[in-house]
Structures are given as C-alpha cells and as structure tokens.
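Residue numbers (the UniProt record's numbering): 1 to 338.
Take a look at the structure set out below.
Structure representation (structure tokens):
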C-alpha cells in the first residue's frame, strides 16, 4: 500500500473516531433533552422495525433511480442532513435561532457547494447525531440484534443479490453525505470527478472501498459505499475512495448503547461522562474490524463492511463488559427475559 493510500486510511480512521467521540459526547445531552425515540428501548422488535425501514428505503431509492427521480433523493438526504445537524446544534448551543441557522447552513452548503470536505463535515454531524439517537433508543439486546442482522444483510446484498451495486452507482453522482469522501491527495476535488461509468465493478452498492483496484465494501445503512473513483493521479494511483456513512454509524450505535445502558461504571473522563469500559472496548473492536477491512480492501478484494465492523464492535463490547464485571446475561440484555 502506497504512502498516499496510508494517508487516506488514516483520514478515514480519524473520521470514524470523531463520529464515535461525538456520539459519546451527545448521549447524555440527547437523553436529557428527551430525544429518545421509543417508549421501551429494551424491546428487540424495535430493531426489526428499523431493519424493515431500511429495506423499504432501499427499495424506494432504487425505484427513484430507475425512474430518474435522483434529485428527489438528493433533496431528501439534504433535508435529513439539516435535521440531524439541528439535533446536534440544538444540544450544544443555547440559542435556538443560532442552531436553526447553522443547520440550515449545512443543508445549503450541501446544495450549493458539495465539495468533499463539505460532505465529510456534514457526514460527521449526521453520523454522530444518528448514532447518539439510536444509542439511547436501542437497549443492549436491540442494539446487538440490529447490528447482527444488518451485518448479515450487508453480506447478502454484496455477495449474493448485489443489489447495492445499483444503489451505489446512483448515489455516487448525487454528491450527498451518504458516503464519506476520503481523498488521498490535497488536490482532489469531488466537484471535478466524473462518476458516469459504473463505479461498482466488484462489491456492494452501499459501501465500496478502493485499494488501487476495483474493490468495494458494503454495509446496509442507506447506501454506504466505499468505492473506487475515476480520479487518478498521473502515477495511476487513486485520488480518493469512498466509505459509506453507515459503516461509521452502525458500530457506533453499539458504542453509544453500551455507554448508556451498560451497568459498568463510568471511566470518569470529563468530556465523555458516559464512557465506560464496554463502550471503550467496543470502539477498540470497531477499529480492529476497520483495520482488517482496509487490509483486505487495499489488496483489491471485495468485502462487505458491516460483518467486520459490527462484529468488532459487538465483540469488543462483550469483552469490555466481562472485564468490567458485568454478567454476560446482563451484557446481552437478556436479564429481563430470564
């Protein structure tokens, strides 16, 4: 792997880290402000409803692309970006007017100037906000069920049905924060990139990651695609690769849920009062999965992202729970059913 590729992977890891730290910081405030979206966070059927919503949204997006309604998808995602940004800004800024203005600015920037750093900044806000919302709304068992099922769905959509390929192909040209853009050179411009060709020669359609040869990484959260691009330097190296936002969000849900619902005591980190050992090791597990994923992808092999990322997050969370002295039954969220 070249030095430029290493820089790209490092930037991707940094974005993942910022999303996770942001979600952890937002968890207490989101709960205090009443952002919990379900009446019973311990009910595992909440996960099944959300998975059903993902499947419906995927079908809707594929139909929209088929009937040339691309701009409708773009407007929906931009509106969602502004809404999630408002959740974050409203939690951090006392002035409601300022929070509304900043969230509107995020949406406007995405519409007017969707350069890679604008998309990544909006993606970090969306990712941290969404993961914190899901984290306080999905208890331990629902979070584990959600991540497990999505990992299986991701693998099926990449290796079997491959319908995410079509979704990624449609999403790439919209320049929206459904994917994180990871440049490997400072001269790269997303606005100058041409995605007319099929960017998903191998892999899934939600997450595709390029490591020099067409290879993609997929996950199951609204079009997560890590895909190769047409942008190449004079030396033939890729100037950017893409990682689906869902790849950053879904394992972070386990981090946030573990921080909020686990019996383990806080580690006492001032800026992150919710951080405990299960959440910390869920973060470590995520990056273990991330490292394995990047290693495989950079060798030019197609892989689904969520099996490694979600598996690492769940495994790390369970190890952290055991080390913290939390009974495994409680760590799995099964205590109320036994």
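Ideal placement from N, C-alpha and C gives every residue a C-beta, glycine not left out.
Compute the distance between the beta-carbons of residue i and residue j, then report whether it is under 8 Å.
i           : j           : result
residue 282 : residue 16  : no
residue 318 : residue 329 : no
residue 62  : residue 274 : no
residue 262 : residue 326 : yes
residue 364 : residue 241 : Because the chain here runs from 1 to 338, residue 364 falls outside it and cannot be looked at.
residue 253 : residue 135 : yes
residue 244 : residue 305 : yes
residue 180 : residue 123 : yes
residue 161 : residue 239 : no
residue 308 : residue 293 : yes
residue 334 : residue 141 : yes
residue 152 : residue 107 : no
residue 35  : residue 147 : no
residue 110 : residue 100 : no
residue 97  : residue 85  : no
residue 150 : residue 310 : yes
residue 65  : residue 170 : yes
residue 42  : residue 115 : no
To the nearest angstrom, report how far apart residue i and residue j are at their CA atoms.
i           : j           : result
residue 316 : residue 280 : 8 Å
residue 264 : residue 138 : 17 Å
residue 104 : residue 82  : 6 Å
residue 73  : residue 58  : 11 Å
residue 130 : residue 187 : 31 Å
residue 68  : residue 113 : 22 Å
residue 193 : residue 20  : 29 Å
residue 214 : residue 125 : Confidence at residue 214 is low in this model, with a pLDDT of 28, below 50, so its placement is unreliable and the value that follows should be read with caution. Cα to Cα, the separation comes out at about 29 Å.
residue 312 : residue 173 : 31 Å
residue 176 : residue 3   : 28 Å
residue 269 : residue 18  : 16 Å
residue 314 : residue 70  : 35 Å
residue 26  : residue 164 : 31 Å
residue 14  : residue 95  : 30 Å
residue 50  : residue 272 : 28 Å
residue 10  : residue 178 : 20 Å
residue 31  : residue 155 : 33 Å
residue 297 : residue 92  : 37 Å
residue 88  : residue 158 : 32 Å
residue 277 : residue 257 : 12 Å
residue 220 : residue 144 : Residue placement at residue 220 is flagged as unreliable, the pLDDT there being 33, under the threshold of 50; the coordinate-derived value follows with that caveat. The straight-line gap from Cα to Cα measures roughly 15 Å.
residue 255 : residue 5   : 27 Å
DSSP has residue i in a bridge; who is on the other side?
i           : result
residue 242 : 181
residue 266 : 276
Does DSSP put residue i in a helix, in a strand, or in coil?
i           : result
residue 174 : coil
residue 272 : strand
residue 37  : coil
residue 161 : coil
residue 257 : helix
residue 22  : helix
residue 333 : coil
residue 141 : helix
residue 338 : coil
residue 153 : helix
residue 188 : coil
residue 193 : coil
residue 2   : coil
Suppose only complete runs of 4+ residues qualify. What are the alpha helix (DSSP H) ranges in the stretch 39-89, listed by chain order? Counting whole runs of 4 or more residues, the stretch 39-89 contains the alpha helix (DSSP H) stretches 45-66.
Could you pull out every unbroken alpha helix (DSSP H) segment of at least 4 residues lying fully inside the stretch 93-139, listed in chain order? 96-112 and 116-137
With a floor of 4 residues, list each alpha helix (DSSP H) that falls wholly inside the stretch 286-331, ordered by position along the chain. 306-323 and 328-331
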